[in-house]
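Residue 51 is where the sequence shown starts when you use my numbering, and the numbers rise one by one after that. Quick reminder that beta carbons are idealized off the backbone N, C-alpha and C, glycines included.
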Amino acid sequence: QVQLVESGGGLVQAGGSLRLSCVVSGSIFSINRMAWYRQAPGNQRELVALITSGGITNYADFVKGRFTISRDNAKNTVYLQMNSLKPEDTAVYYCNVVRVSGINYWGKGTLVTVSS
């Protein structure tokens, strides 16, 4: 089993910044990909950014140039640095890890609210 605990969400004004953290614990071997998703009210969950075990990153178009995903393998933590936040970034942000086997694990989410 793998446990994911997100933190760092909160209320911020438009143009501000937040950094989300996700600590991964448990059976963390064979983790292939780590990612952040988000889900706004009434919307489907969508991929925000991902980082592979080799450090390759990929971003949704709507966050390119504003968000940065990174990982600290020594701390078993993945981060999402969010800059230039917009009201439309308001959502619950979820941490996700995928094992080489394809099994997915999810955190419970952290709420980010951006006021205009």
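Query	Result
Given this structure, state the Cα-to-Cα distance separating threonine 160 from tyrosine 144, to the nearest angstrom.	7 Å
How far does the beta strand (DSSP E) with phenylalanine 112 in it reach, from first residue to last?	Counting along the chain, phenylalanine 112 falls outside any beta strand (DSSP E), and DSSP gives it neither H nor E.
By Cβ distance below 6 Å, which residues in the same chain neighbour valine 142 in space, the five residues on each side in sequence not counted?	Gln89, Gly159, Leu161
Going by CA-CA distance only, name the one from Trp156, Leu135, Gly66, Gly157 that's closest to lysine 114.	Leu135
Which partner residues does asparagine 146 have in the DSSP bridge list?	Ala85, Trp156
Measure the alpha-carbon distance for aspartate 139 versus glycine 59 and round it to whole angstroms.	12 Å
Would a C-beta distance cut-off of 9 Å place leucine 70 and serine 57 closer than the cut-off?	yes
Just the C-alpha distance for methionine 132 and glutamine 53, rounded to the nearest angstrom, thanks.	23 Å
Can you give me the Cβ contacts of valine 148 inside the same chain, cut-off strictly under 6 Å, excluding the 5 residues immediately before and after it?	Asn82, Arg83, Asn154
Hey, out of Val62, Gly66, Val74, whose CA is closest to glutamine 51's CA?	Val74
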